[in-house]
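Participant: Quick note on numbering: our numbering labels position 38 of the sequence shown as 40, and the sequence is numbered without any gaps. Submitted below is the structure of interest, expressed as structure tokens.
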Amino acid sequence: MEGEVHLSDVRQLTSGGENAEAYWAFDGSQLIYQARKPGAECDQIYVLDPESGDTRMVSTGKGRTTCSYFYPSGNEILYSSTHHHNAACPPNPDFSMGYVWPVYETYDVFASNLDGSGLRQLTTEEGYDAEATFSPAGDRIVFTSARDGDLELYSMAPDGSDVIRLTDRPGYDGGAFYSPDGSKIIWRAHYPGEGPELEDYRRLLSQGLLRPGELEIYIMDADGSNQRQLTQLGGANFAPYWHPSGEKIVFSSNHHDPDGRDFEIYMINVDGSGLTRITYSEGFDGFPVFSPDGQHLVFGSNRNNGGTSDTNVFIGEWIENP
């Protein structure tokens, strides 16, 4: 794609349906992602070999799933699911209220072996529990929960014990990832202003909905201290992920588009300097994730979809200094 000087040899890894949020195994050998395949009602979790293209479903095939991630060992996986409450798909949100995200209270965080066996439930509190990812050392999981009445970030031990709340500001905190050395966390947040905006946020949350119109990227120490805002771009800035150096962040944003419809991938230094646009494909490019060695970038995109609404997972060789 013209202008994409940081990417080379971009190729498509999936085909058909909605495929996104692909994350690397810590050894770089496999990808895990969520997809709603053609004819399916709900997203399920799949593991993909990026070299051979071999793909297998590793979730139950029941309910709705989201937010998958590998254990650092590579032998187990995390994801959130509603299957234990109802095998059917939960209803889609009512878009008559505008563009909203569903925040299903029936989501809980689960772990299983890589082949899907040995499924065990890690969260049991009432309300939304999802968006869980591991620290590189494998000793903590960061996740989003509504257990205390708001969408906040928490960390827990790998068995679901020792839950610690990390954020406490009214609004949505989610999509958190540990830095490569495990010392920091990045996340996306929507903090509504006082008055009608906050009232609208709370009203929607009581209905299991979130209006994600404005999102910015934040960074903090892994224990929740030293929280600060990284981006101040306006619009929706989300899906942050660490460069392997720990000195840069990639993320998706629509801040450049007055209509808010075009999402592209950007990179920024952790001090907020050096904002650089990475993709130039009109439509949607998001969920950028570096391979552990920094040689590749995977991302979700609706490029090359023949005019359909399909979103697919793509991979490109990363050029650090074009």
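All C-beta atoms, glycine included, are put in the ideal place defined by N, C-alpha and C.
1) Specify the secondary structure class of residue 230 as computed by DSSP and reduced to three states.
2) Name the two residues that bound the continuous beta strand (DSSP E) containing residue 157.
3) Within its chain, find whatever has a CB closer than 8 angstroms to the CB of residue 170; leave out the 5 residues flanking it on each side and keep chain order.
4) For residue 121, does the three-state DSSP call read helix, strand or coil?
5) So, is residue 23 buried or exposed, given that buried needs 16 or more other C-beta atoms within 10 angstroms?
6) What are the start and end residues of the beta strand (DSSP E) that includes residue 200?
7) Applying the 10 Å Cβ sphere with the 16-neighbour rule, what's the burial state of residue 99?
8) Less than 7 angstroms between the C-beta atoms of residue 182 and residue 248, yes or no?
9) Can you find the residues in the same chain that come closer than 6 angstroms, C-beta to C-beta, to residue 5, ignoring five residues on each side of it along the sequence?
10) So, for residue 32: in the same chain, excluding its five sequence neighbours on each side, which residues have a beta-carbon less than 8 angstroms away from its beta-carbon?
11) Whole angstroms are fine: how far does the CA of residue 84 sit from the CA of residue 94?
12) Who are the near neighbours of residue 43 in its chain, counting only those whose CB is closer than 6 angstroms to its CB and skipping five residues on each side?
13) Is there contact here, the region 303–318 with the region 250–258, by at least three beta-carbon pairs under 8 angstroms?
14) Excluding sequence positions up to five away, which residues of its chain have a Cβ less than 7 angstroms from the Cβ of residue 324?
15) Look at residue 102 and residue 134 and say whether their C-beta atoms are less than 7 angstroms apart.
16) To the nearest angstrom, how far is it from the Cα of residue 211 to the Cα of residue 151?
17) Taking C-alpha atoms, which residue in 74, 80, 106, 143 lies nearest to residue 1?
18) So which of 109, 136, 113 has the shortest CA-CA distance to residue 130?
19) Please report the Cβ distance between residue 180 and residue 166, rounded to the nearest whole angstrom; I am assuming they are in contact, meaning their Cβ atoms lie under 8 angstroms.
20) Do three or more CB pairs link the region 289–300 to the region 234–243 at distances below 8 angstroms?
21) So residue 48 is in the beta strand (DSSP E); what residue range does that whole segment cover?
22) Are the Cβ atoms of residue 116 and residue 317 separated by less than 7 angstroms?
23) Can you check DSSP and say which residues form a bridge with residue 131?
24) So is residue 164 buried or exposed if we call it buried at 16+ other beta carbons inside 10 Å?
25) Could you spell out the range, first to last residue, of the beta strand (DSSP E) harbouring residue 21?
Facilitator: Let me spell this out:
1) Secondary structure at residue 230: strand, using DSSP grouped into helix, strand and coil.
2) Per DSSP, residue 157 belongs to the beta strand (DSSP E) from 154–158.
3) So the qualifying residues of the chain are 154.
4) If DSSP states are grouped into helix, strand and coil, residue 121 belongs with coil.
5) It counts as buried.
6) Here residue 200 belongs to no beta strand (DSSP E); instead the alpha helix (DSSP H) covers 198–208.
7) Residue 99 is classed as exposed because its beta carbon has fewer than 16 other beta carbons within 10 Å across all chains shown.
8) It is a contact, given that the beta carbons lie within the stated cut-off.
9) Exclusion of the five residues before and after residue 5 leaves 282 as the residues of its chain whose Cβ lies within less than 6 angstroms of its Cβ.
10) Counting only Cβ-Cβ distances below 8 angstroms, and skipping sequence neighbours, we find 26, 49, 50, 51, 52, 72, 76.
11) Roughly 13 angstroms between the two C-alpha positions.
12) Within its own chain, the residues whose Cβ lies closer than 6 angstroms to the Cβ of residue 43, once the five positions on either side in sequence are excluded, are 91, listed in chain order.
13) No, the region 303–318 does not touch the region 250–258.
14) In chain order, 7, 8 place their CB closer than 7 angstroms to the CB of residue 324, counting only its own chain and leaving out the 5 sequence neighbours on each side.
15) Not a contact, by the Cβ cut-off of 7 angstroms.
16) Spanning the alpha carbons of residue 211 and residue 151 requires a straight line of approximately 13 angstroms.
17) Outside the shown range of the chain, which is 3 to 324, sits residue 1, and nothing can be said about it.
18) Checking every option, the nearest Cα to that of residue 130 belongs to 109.
19) The distance from the Cβ of residue 180 to that of residue 166 is about 14 angstroms, inconsistent with a contact at the 8 angstroms cut-off.
20) Output reads yes: the region 234–243 touches the region 289–300.
21) For residue 48, the enclosing beta strand (DSSP E) starts and ends at 46–50.
22) Not closer than 7 angstroms, so no.
23) DSSP lists 147 as the beta-bridge partner residues of residue 131.
24) Residue 164 should be labelled exposed.
25) For residue 21, the uninterrupted beta strand (DSSP E) segment begins and ends at 20–26.
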